[in-house]
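For reference, the structure discussed in these notes is given below.
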Ligand code: ADP
Ligand code: MG
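Numbering (our numbering), first residue to last: 12 to 372.
What follows is the structure, given as structure tokens:
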């Protein structure tokens, strides 16, 4: 296996007795787009700040191409960071802001000016070089912040929720630009975001963190189709999660017992499961249907309608079982209309045995 571009080995950060990051292990390949997600306070920014050299690790190693860089100062790490508040200098022009990183590296004036102009052009800011920062829009400022980092030609760019201050329309536009830049430059992006759509549309690898640890790291498809822990399934949303016990496993079929009844499951994913074992059964909202009548399908649960949420042409129908399990069913707008369901109405939800995803505890 080729050497990882960046490796985190048992990386830790504590503030007094509080643990912000706990034994992080992660290998990042060169030229990939990595998205880091997780609830507020789970240690995403702390991890990024340790990579940038803005924060000292309390334990573990940060390796850059196999070399330990924990003790390198910020300016020798070549891993600049862009964040929401940008930290542009208001008293400098656009070009002076971009030149700043080069000045710190001792690059001469003429060379600085030339390189800054090249990057401003690449980011569509060629005509704004002599303006003040306060004469730019939010999106333009974001590009200046990017140019200021990229002008030093780093091999890694760290981004901490860079688009969260932009309005929705601009944010979507910048997502496209960032992804294009990353592909063209071939540099590694480590991108912290709280937006599922940003992470899943841009990243090669999505990392889900919780309480200072990594719950799962994988391709967007892997995380979406095969969440490794109940936390990941819940964090992504849109899935129903049943706590179950394995009853039997035979003839390619797994039988699970839960407070909501007995469920059948494709046994292909059951290797290693034994009767009596506790598992979580995860079923995505797009895999559950409303059954016309009871006795129709294999996995049926009686529910009451507790709400609905319109998402474009789709509706997320929220249901609750007698045992209190929350179920989400995704329906087409027109199917929802023909079902004509009121809050409190009784319905039967069901799914195919091969559609349930099992997470062993
Ligand atoms: P995230 O970026 O995922 O929201 P952070 O990395 O900012 O989370 O914070 C992780 C944890 O570390 C939080 O509990 C936060 O309160 C704590 N923390 C972060 N910075 C400091 C600090 N300078 N001093 C004390 N605690 C901190
Ligand atoms: Mg943060």
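Think of the CB as a built atom: it goes at the ideal place given N, C-alpha and C, for glycine as much as any other residue.
Between the options, which has its C-alpha nearest residue i's C-alpha?
| i | options | result |
| --- | --- | --- |
| residue 310 | 173, 274 and 285 | 274 |
| residue 369 | 327, 277 and 248 | 277 |
Cβ of residue i versus every heavy atom of ligand 1: is any distance shorter than 8 Å?
| i | result |
| --- | --- |
| residue 53 | yes |
| residue 257 | no |
| residue 69 | no |
Are there 16 or more other CB atoms within 10 angstroms of the CB of residue i, so buried, or fewer, so exposed?
| i | result |
| --- | --- |
| residue 251 | buried |
| residue 295 | buried |
| residue 339 | buried |
| residue 223 | buried |
| residue 271 | buried |
| residue 244 | buried |
Please confirm whether any heavy atom of ligand 2 lies closer than 8 Å to the CB of residue i.
| i | result |
| --- | --- |
| residue 218 | no |
| residue 66 | no |
| residue 30 | no |
| residue 93 | no |
| residue 56 | yes |
Tell me which residue opens and which closes the alpha helix (DSSP H) that residue i is part of.
| i | result |
| --- | --- |
| residue 213 | 207–213 |
| residue 195 | 179–196 |
| residue 125 | 120–133 |
In angstroms with no decimal places, state the Cα-to-Cα distance between residue i and residue j.
| i | j | result |
| --- | --- | --- |
| residue 181 | residue 288 | 49 Å |
| residue 80 | residue 17 | 10 Å |
| residue 255 | residue 352 | 29 Å |
| residue 56 | residue 171 | 7 Å |
| residue 85 | residue 30 | 23 Å |
| residue 200 | residue 60 | 14 Å |
| residue 100 | residue 215 | 33 Å |
| residue 317 | residue 34 | 41 Å |
| residue 156 | residue 220 | 26 Å |
| residue 324 | residue 151 | 33 Å |
| residue 102 | residue 237 | 50 Å |
| residue 25 | residue 32 | 7 Å |
| residue 140 | residue 162 | 14 Å |
| residue 69 | residue 265 | 46 Å |
| residue 228 | residue 372 | 18 Å |
| residue 133 | residue 327 | 42 Å |
| residue 82 | residue 37 | 19 Å |
Which two residues bound the contiguous beta strand (DSSP E) that contains residue i?
| i | result |
| --- | --- |
| residue 71 | 70–75 |
| residue 90 | Premise fails: residue 90 is in no beta strand (DSSP E) and is neither H nor E. |
| residue 202 | 199–203 |
| residue 29 | 29–39 |
| residue 171 | 167–171 |
| residue 380 | The first residue shown for the chain is 12 and the last is 372, placing residue 380 beyond what the model contains. |
| residue 302 | 300–302 |
Relative to ligand 4, is the shortest distance from any of its heavy atoms to the C-beta of residue i smaller than 8 Å?
| i | result |
| --- | --- |
| residue 171 | Ligand 4 is absent from the structure shown, which contains only ligand 1 and ligand 2. |
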